[in-house]
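J.: Can you keep this structure in mind? I'll have questions shortly.
Structure below.
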C-alpha cells in the first residue's frame with residue numbers, strides 16, 4: 173500500500189470524525205470495510221433515523237396516560253438493546269455462507285413499513301388521536317426497524333451480495349428514483365404543516381426514499397454479485413477486483429431472455445446457486461471468532 177493512500181485514508185477518517193462523530197463511532201464497530209460498503213447510504217440513513225426516532229420517543233408520546241405504555245417507554249432502551257442482541261444472535265446462529273437476495277428484499281420491505289408506521293404514528297399523535305395506541309405502534313415500529321436492518325447485515329456471512337453498478341438506484345438517472353423523490357418531497361412539505369416534529373418526519377421520509385429505491389432495484393435486478401470480504405478500502409483493488417467471486421442471475425427477472433449469450437459468463441442462477449465449488453477467502457476476525465467450527 174502506498175504512503176499517499178494511507179495519508180488520504182487518515183485524512184478522510186479525521187474529516188468524517190469531525191463532521192459526524194456519532195456515525196464515525198458507529199462505523200468503528202465494524203471490523204471489515206465491506207460490512208458497511210454495500211448499501212452504504214441505507215446504513216447511513218438507518219442509523220440516523222433510528223437514533224433520532226429513539227431519542228424522541230418520549231417527547232413524541234408525552235401526552236399518553238396509559239400506565240403500561242409509560243413503563244414500556246421508560247424501558248425502551250433496554251428492550252431495543254435486547255431486540256438487537258437477539259437479532260444479531262439469530263443471524264450468527266444461521267451460519268449463512270452467502271447473503272441471500274430474498275433476505276435483503278424482505279429487510280428493505282420491513283424497514284420501509286417501519287418508517288411509514290413511525291411517520292403515521294407521529295401525525296396521529298400530533299392530532300391527539302388514540303395516543304396510547306399509536307405510541308405503542310411507534311415503539312413496535314422501532315423494534316421492527318432494528319430487527320429488519322439485520323437482514324441487510326453481512327457481518328456473519330462469508331460472502332456478501334452487491335448489485336452491478338448499472339442496477340444500483342443512485343448510479344445514473346433512473347425514472348423510478350425521480351418519481352420516488354418527488355413523492356417523498358411533496359409529503360415532506362406537507363408534514364411541515366401537520367406536526368411540530370416535522371424535522372423527524374422529513375428524516376423518516378428521506379429514509380423511506382432510500383429504502384424504497386433500494387427495494388425496487390433489488391426486486392427487479394436481473395443479476396447480482398457475490399463478493400468476499402475485504403478488511404480495508406484499498407484492499408478492493410486486489411485480485412479478484414472488488415472481491416467479486418460469482419455472478420448470480422435472478423431467474424424470475426430474465427425469463428424473457430431469448431439467448432443465453434446475453435447472460436454474463438460463468439453465471440449461476442439464484443434458485444440453484446451452489447457456492448461449495450467457489451474459491452474464496454474467509455478473513456479471520458481479530459475481535460471475535462468469525463465462524464464457529
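In our numbering, the protein residues as written are 173 to 465. Backbone N, C-alpha and C define an ideal beta-carbon position, used for all residues, glycine too.
#1: Cutting at 8 Å between CB atoms, please list the residues of its own chain near residue 430, excluding the five before and the five after it.
#2: Where does residue 185 sit, in a helix, a strand or coil, going by DSSP?
#3: Can you tell me the Cβ-Cβ gap for residue 377 and residue 356, rounded? I've got them flagged as a contact below 8 Å.
#4: Compute the Euclidean distance between the alpha carbons of residue 451 and residue 417, then round it to the nearest angstrom.
#5: Which residue spans inside the stretch 235–310 form an unbroken beta strand (DSSP E) run of at least 3?
#6: Would you report the Cα separation of residue 395 and residue 348, rounded to the nearest angstrom?
#7: Which residues in the same chain have their Cβ closer than 7 Å to the Cβ of residue 275, if we skip the five residues on either side of it in sequence?
#8: Whose C-beta lies closer than 7 Å to the C-beta of residue 319 among residues of the same chain, with five residues either side of it excluded?
#9: Could you give the DSSP three-state label for residue 219: helix, strand or coil?
#10: Please classify residue 422: does DSSP put it in a helix, a strand, or coil?
#11: Can you give me the C-alpha to C-alpha distance between residue 295 and residue 302, rounded to a whole angstrom?
#12: Is the distance from the Cβ of residue 196 to the Cβ of residue 202 below 8 Å?
#13: By the 10 Å Cβ neighbour count, where 16 or more other Cβ atoms means buried, how is residue 381 classified, buried or exposed?
#14: Which residues bound the beta strand (DSSP E) around residue 398?
T.: By the coordinates alone:
#1: The predicted position of residue 430 is uncertain, since its pLDDT is 46 and thus under 50; no value can be drawn from it.
#2: helix
#3: 5 Å
#4: 8 Å
#5: none
#6: 19 Å
#7: 323
#8: Cβ neighbours of residue 319 beyond the five flanking positions: 255, 259.
#9: Here residue 219 sits in helix by DSSP.
#10: coil
#11: Approximately 11 Å, taken between the alpha carbons.
#12: no
#13: buried
#14: 395–400
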